[in-house]
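Down below is the structure, laid out as structure tokens.
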Amino acid sequence: MVFIKVHFVIFYFLGLIPFSYKKNANIVDKKKFGPDTITLVPTEIHTCYSLVLIIIIVIGNSIQIPLFIKERYSGDGNELTETLSLAISVSGNGVLIIMLLLYIVQRQKIIKLGNQLLDLDVAMKKLHNIYKLESDKMELILICYINTIPCVIIALFTLFIEASFIRATCMYTFHTIVFNYFVMQYAIVLTLIEKKLKCCNDAFLRMKKSIELQFRVYNTQKNTLEKTSIIEIFALKRCHTILCKMCSDIADFYSFGFLFIIPYSIVCVILNIYDLLTPFLKIYPTDDVIVRRIGNIAWITARLFPILTTAICATKVSKQIKRTSSVIQEILFECFMSPEIKNELKIFSLELLHKNFQFTAYNVIPVDCTVLRTVFGAIATYLIIFIQFQSDDM
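Heads up: the sequence shown runs through residues 420 to 813, numbered per the working numbering.
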């Protein structure tokens, strides 16, 4: 409960939750907290807060960027690195503003998806004989805390090490943390979907026992079991269809941010790794090499870990969607069943053949484990080119 509330506040502070929640009026135990006790509702406070946040970002960068240009370009610094840093800052804050506006514009869609997820849990609890919802609390806690640690380190690094805390926050730190939590939010939603799809597939497998049992009982019981099985099939089909539709809607919503964050993270990680390797490439005129290394490792982790987590979660969801077809075929081939049940399962099996869903960012970047090959390949390639350019420059 505390864990949920803490991260709810963090996401809200970053402008990534456009809703609040209210306790349902018919709940007797007011301390109880779960899918059957709450409903997500829109809040105007988020809209006002996000608009104020956008204004602060615009004003802050309008003041700090000219000062950055004046100071950095007047010295003997590396122009290529400084230009890339400036481009990252401007583009990052520009995309952040668009993302915050998207959360405002599409808040009804987000609330609808959230309430659908809650209602689905409540509806599927009625199939308590076969549908056993597994706890995903530990997995979510692990994702959130591993992701939060580097964010805390870079916030402390910005506060105590950077020459200008306000400038670093406006130009780099804030939008990096928001991007980090945006991608992590994607991973959390995918984890919730994956657990429900897994439970749906396991429920189909548990149905095998009740289907097989129908041929070892008297006619009266057999008819009852048959009707129960058909009702369960309809309920699980509905659950699977809703979850697949939600996957499509979720992928569409996160596509814009993910499409930018991937190349943005690649460029940033290249600069961080270069800064990490600089002491080995040339004389480094600073006394805080170790501190800078720790800071760079934290920045790299903060940018890569959410992408890695989201890619793994998306792959798991895709596997569960594909697994459903195998589960249905297994039931059809291994179980003796009535023609009615067999017909329903065959219809569902045909429907699954037409579901060829993939997580992508506007069909440009795949959101699964294949994206990791793209990310790490690009980092390795362009890092070598960047180091070569810098060597020639020196």
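Every residue, glycine too, gets a C-beta built ideally from N, C-alpha and C.
Reduced DSSP secondary structure (H/G/I, E/B, other) of residue i
i	result
Ser469	helix
Ala582	coil
Gln527	helix
Glu498	helix
Pro437	coil
Cys754	coil
Tyr550	coil
Lys489	helix
Ser744	helix
Asp555	coil
Lys774	coil
Thr462	coil
Val447	Caution is warranted here: a pLDDT of 49 is assigned to Val447, below 50, making its placement in the model unreliable, and the coordinate value is therefore given only provisionally. Note: Val447 maps to coil in three-state DSSP.
Met813	Residue placement at Met813 is poorly supported in this model, since its pLDDT is 48, which falls under 50; the coordinates still yield a value, given next. Residue state, collapsed to three classes: coil.
Val425	helix
Ile685	helix
Beta-carbon spacing of residue i, residue j below 9 Å
i	j	result
Leu435	Tyr600	yes
Tyr440	Ile457	yes
Met626	Glu645	no
Gly533	Phe677	no
Ile476	Ile429	no
Phe808	Leu433	no
Leu771	Ile747	yes
Ile484	Met590	yes
Ser510	Tyr683	yes
Asn566	Ala721	yes
Ile530	Val608	no
Leu578	Ala622	no
Lys735	Glu613	yes
Thr367	Val786	No answer is possible for residue 367: it lies beyond the span of the chain, which begins at 420 and ends at 813.
Asn762	Ile719	no
Ile726	Val790	yes
Thr610	Cys732	yes
Leu764	Leu751	yes
Phe778	Cys666	yes
Tyr781	Phe675	yes
Leu552	Asp538	no
Thr793	Ile680	no
Val688	Ile798	yes
His465	Arg526	yes
Phe576	Val686	no
Glu759	Ile649	yes
Ser737	Phe776	yes
Tyr550	Lys544	yes
Cys663	Lys528	no
Thr588	Gly479	yes
Beta bridge counterpart(s) of residue i as assigned by DSSP
i	result
Lys442	Ile457
Ala780	Ile784
Residue i: CB within 8 Å of a non-hydrogen atom of the ligand SAM
i	result
Asn512	Among the ligands in the structure shown, none appear at all, so the ligand SAM cannot be discussed.
Residue i at chain C interface by Cβ criterion, 9 Å
i	result
Leu771	Protein chains in the displayed structure number just one, and chain C is not present.
Legend entry - Validate contact between the stretch 723-743 and the stretch 655-670 using beta carbons, cut 8 Å, 3 pairs: yes
Legend entry - Cβ contact check for the stretch 516-528 and the stretch 459-476: 3 or more pairs under 8 Å: yes
Legend entry - Contact the stretch 589-604 vs the stretch 614-622: 3+ CB pairs below 8 Å: no
Inset, instruction - Say whether the stretch 497-507 touches the stretch 545-564, bearing in mind that this needs 3 or more beta-carbon pairs closer than 8 Å, one atom from each stretch. - result: no
Inset, instruction - Please confirm if the stretch 562-582 is in contact with the stretch 714-725, defined as three or more CB-CB distances below 8 Å between the two stretches. - result: yes
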